[in-house]
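FYI, our numbering numbers position 181 of the sequence shown as 187, with every residue one higher than the one before it.
From the three backbone atoms N, C-alpha and C, an ideal C-beta is built for every residue, glycine too.
All of these numbers come straight from a predicted model, not from anything done at the bench.
First comes the structure, then the notes that go with it.
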Amino acid sequence: MPRKKKKTYSRVKLKNAKSFNDLSTDIAIRIERGAGGRTTLRYVNETICTEIFKDNDENKPWGYVTIAKPNEYEGDCGDVYIARVIESDKEWGPLLLRIAIEWASKNSDGLVADRFRVTEFEYHLWDHMSGNQGGDIDLKPIAPCVNKSTNIWMERLGLKEDETATSYVYSSKTDMLRRLLKSKRIC
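Structural data, given as structure tokens:
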């Protein structure tokens, strides 16, 4: 049996990423509190706050971001939230991650990528956040907590630590959540 070909990784520029102004008024964000202090932000239908699934017929945005405070295995990461899971698409994922960054910034010092596991899709979202935001996302080097995901992506992409998107705390002072709340689009 022939050996599997080693996967080649490269930085991918996300195209057609949607902004807050692209979000239809019939879409809301549901903020769910879960076990273990987890918080999930997800796209939902505005009228009855029901989840929108990936293969919906109406081409609506779908996805969710689950965040939580660091646990003892991650070390001293400071007063931040960690993005545990990000599921969405390349168009609507960046906006949902920006909303999660804003939520984390209002409740702590910001949001960081998972310290152990960051999928290829998630890495491209973080990379998009680090370089394409018009100044409304602030980056600070992360405190000395476990950084396995950064080491993996440094090796895969041949980058230095300060060039790797998972090496930073992302914070924002945008007002998307306030605007969603004002228009009754937070469930």
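N-terminal and C-terminal residue of the beta strand (DSSP E) that P76 is part of
Neither: P76 is in no beta strand (DSSP E) and is coded neither H nor E.
Taking K190 as the reference, give the member of D28, N22, N51, R44 with the closest Cα.
N51
For Y79, count neighbouring C-beta atoms within 10 Å of its own C-beta (all shown protein chains included) and say buried if the count is 16 or more, exposed if not.
Per the 10 Å Cβ criterion, exposed.
Classify N77 as buried or exposed, calling it buried when 16 or more other Cβ atoms lie within 10 Å of its own Cβ.
Exposed is the call here.
Can we count A41 as close to the ligand NAD, meaning its CB is less than 8 Å from some heavy atom?
For the structure depicted, the ligand NAD is absent and the ligand set is empty, with no information on it obtainable.
Counting only runs that start and end within the segment 129-189, where is the alpha helix (DSSP H) found for 4 or more residues in a row?
154-163, 182-188
So E57 packs on R44, CB below 8 Å; how close in whole Å?
Their Cβ separation, rounded to whole angstroms, is 16 Å, which puts E57 and R44 out of contact at 8 Å.
Ignore the nearest five residues each way along the sequence and tell me which others in G84's own chain have a CB closer than 8 Å to its CB.
Excluding positions up to five away in sequence, the list reads D115, I148, A149, C151, V175.
Within the segment 75-111, ranges of the beta strand (DSSP E) (whole runs, at least 3 residues)
87-93
Consult DSSP for N22 and reduce its assignment to one of helix, strand or coil.
coil
Tell me whether the beta-carbon of G69 lies closer than 9 Å to the beta-carbon of W98.
yes
Check the C-beta distance from R121 over to N153 and give it rounded, since I have them as a contact under 8 Å.
6 Å
Taking the Cβ atom as the reference point for each residue, do T125 and I88 lie within a distance shorter than 9 Å?
no
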